[in-house]
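Engineer: Under our numbering, think of the first position of the sequence shown as -15, with each following residue one higher.
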Amino acid sequence: MSATQKPAPLPPVPASYETALEELERLVAAMEGQQLPLEQLLAAYKRGAELLAYCRGQLQAIEQQVKVLDSEGGSTEEEES
């Protein structure tokens, strides 16, 4: 990298799980269409990996909250029947 080149700005953090999933789906469609030049394909792959990690993290956080709520409630649907 020369002194005049600046690194590319980092993509923004998704506003929500849903927006991350939408962007990920668009990237996958573009990559599957095989119309991206090699450099863009690599960038799309990297962004997709970031989005996937974000989505997994969001799902794990929600799963943990559900487990906490379940343990605090102390009952299951089967017990209520």
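Glycine residues also receive a C-beta, built at the ideal position from the N, C-alpha and C atoms.
Could you tell me if C11 is buried or exposed, where buried requires 16 or more neighbouring beta carbons within 10 angstroms of its beta carbon?
Structural biologist: On the sequence shown, position 27 is the one that residue 11 refers to. Before going on, a small fix: residue 11 reads as Leu here, not Cys. That one is buried.
Engineer: Tell me whether Y38 is buried or exposed, calling it buried when 16 or more other Cβ atoms sit within 10 Å of its Cβ.
Structural biologist: The count along the sequence shown starts at 1 and reaches residue 38 at position 54. That one is buried.
Engineer: For V66, collect the residues of the same chain with a Cβ closer than 8 Å to its Cβ; drop the 5 residues on either side in sequence, then sort them by chain order.
Structural biologist: Outside the displayed span of the chain (-15 to 65) sits residue 66, for which this structure offers no information.
Engineer: Quick one: measure Cβ to Cβ for L20 and A14, integer angstroms, because I've assumed they're closer than 8 Å.
Structural biologist: Position 36 of the sequence shown holds residue 20. Position 30 of the sequence shown holds residue 14. With a Cβ gap of about 6 Å, L20 and A14 count as contacting.
Engineer: Quick check on this structure: which residue in L26, G32, A27, Q24 has the alpha carbon closest to the alpha carbon of T3?
Structural biologist: Here residue 3 is taken as the residue at index 19 of the sequence shown, counted from 1. Considering only alpha carbons, the answer is G32.
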